[in-house]
């Protein structure tokens with residue numbers, strides 16, 4: 045695409061987006077159907093999606109939690125529940141802007157109904173972090189979680205690089221602070237996509253936006269159960285290596301969009317060195 049045309053397009057869309065953001069007033073959005081492109085900006089106020097049903101078998105009589113060989117005591121479990129409640133409230137002001145960014149960058153907003161990570165999934169993540177880092181507190185573990193509210197934007201490969209640039213520019217212009225940028229399109233093995241984390245201006249809530257092509261998203265879905273098994277504390281090392289090899293083979297077949305390997309976040313933020321979760 046001609047550079048000047050792209051610049052004009054970004055400026056025009058940024059101006060339109062600023063007006064749209066003001067009109068939205070950071071209100072809540074109606075639930076969208078997964079895998080369907082957003083056709084119009086959200087209007088009105090609607091309740092957030094219903095909270096995922098709790099796994100009663102995972103809650104101990106004393107208020108603690110256990111699942112898959114992981115556990116939290118009652119006090120830590122209550123802190124995670126409080127974190128879940130705050131994330132759920134913050135989502136109502138984050139979703140309208142992400143939907144607007146999707147609309148204005150011609151993206152499909154994938155899996156919108158799953159934008160809130162389930163309580164059990166968060167508890168597994170916190171308990172795993174505390175197990176892997178002895179002495180780490182639940183508060184410190186919660187502070188590292190950036191995907192309790194999460195979104196996926198998707199473009200065809202030939203529109204991907206322009207779409208990511210437009211969407212991230214809009215999110216940044218609306219006051220969301222880019223806190224993490226992990227571009228793994230250059231990898232020879234493993235997960236391929238861009239995972240970004242942002243801090244919302246009003247609530248301070250961290251949220252994740254993944255940028256995919258249809259092929260990379262399909263690979264992520266196909267490898268999800270493999271990744272989950274690999275992360276379980278009881279998975280033997282040899283099985284973990286086998287699971288990683290299976291994931292590598294699936295992602296190796298994903299085409300890399302032109303220019304995707306060079307994409308950086310707002311203000312030139314480049315990939316974080318940490319590993320990238322695919323869940």
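In the working numbering, the protein residues as written are 45 to 323.
In this text, a Cβ means the ideal position worked out from N, Cα and C, and glycines have one as well.
Put residue 151 into one of helix, strand or coil per three-state DSSP.
-> coil
Member of 257, 275 and 309 whose CA lies at the smallest distance from the CA of residue 297 | 257
For residue 222, the residue or residues it bridges with in DSSP | 242
Which residues bound the alpha helix (DSSP H) around residue 290?
-> 281-296
Would you tell me roughly how many angstroms separate the C-alpha atoms of residue 211 and residue 142, rounded to the nearest one?
-> 8 Å
In terms of DSSP beta bridges, what is residue 103 paired with?
-> BP columns for residue 103 point to 109.
Could you tell me the distance, in whole angstroms, from the CA atom of residue 215 to the CA atom of residue 136?
-> 16 Å
Is it the case that the Cβ atoms of residue 191 and residue 236 are separated by a distance below 8 Å?
-> no
Taking the Cβ atom as the reference point for each residue, do residue 241 and residue 228 lie within a distance shorter than 8 Å?
-> no
Check whether residue 110 and residue 102 have beta carbons under 8 Å apart = yes
Excluding five sequence neighbours on each side, which residues of the same chain lie with their C-beta closer than 6 Å to the C-beta of residue 294?
-> 263, 266 and 267
May I have the straight-line CA-CA distance separating residue 251 from residue 105, to the nearest angstrom?
-> 32 Å
Flag this pair as yes or no: are the beta carbons of residue 253 and residue 186 separated by less than 8 Å?
-> no
If we count the other Cβ atoms within 10 Å of its Cβ and call it buried at 16 or more, is residue 261 buried or exposed?
-> buried
Can the beta-carbon of residue 151 be found closer than 8 Å to that of residue 199?
-> yes
May I have the straight-line CA-CA distance separating residue 275 from residue 171, to the nearest angstrom?
-> 12 Å
Beta-carbon contacts of residue 117 that lie in its chain and below 6 Å, excluding the five residues immediately before and after | Closer than 6 Å at the Cβ level, and outside the excluded window around residue 117, lie 108.
If you drop the 5 nearest sequence neighbours on each side, which residues of the same chain put their C-beta closer than 6 Å to that of residue 174?
-> Apart from the 5 residues on each side of it in sequence, residue 174 sits with its Cβ closer than 6 Å to the Cβ of 180 and 185 in its chain, given in chain order.
Assigned secondary structure, residue 142 (DSSP; H/G/I helix, E/B strand, else coil) = helix
How would you call residue 194, buried or exposed, if buried means at least 16 neighbouring beta carbons within 10 angstroms?
-> buried
Buried or exposed for residue 81, please, with buried defined as at least 16 other CB atoms from any protein chain shown within 10 angstroms of its CB.
-> Here the model assigns residue 81 a pLDDT of 35, short of 50, so the residue's position is not dependable, and the following value carries that caveat. Looking at its Cβ environment, which holds fewer than 16 other Cβ atoms inside 10 Å, residue 81 is exposed.
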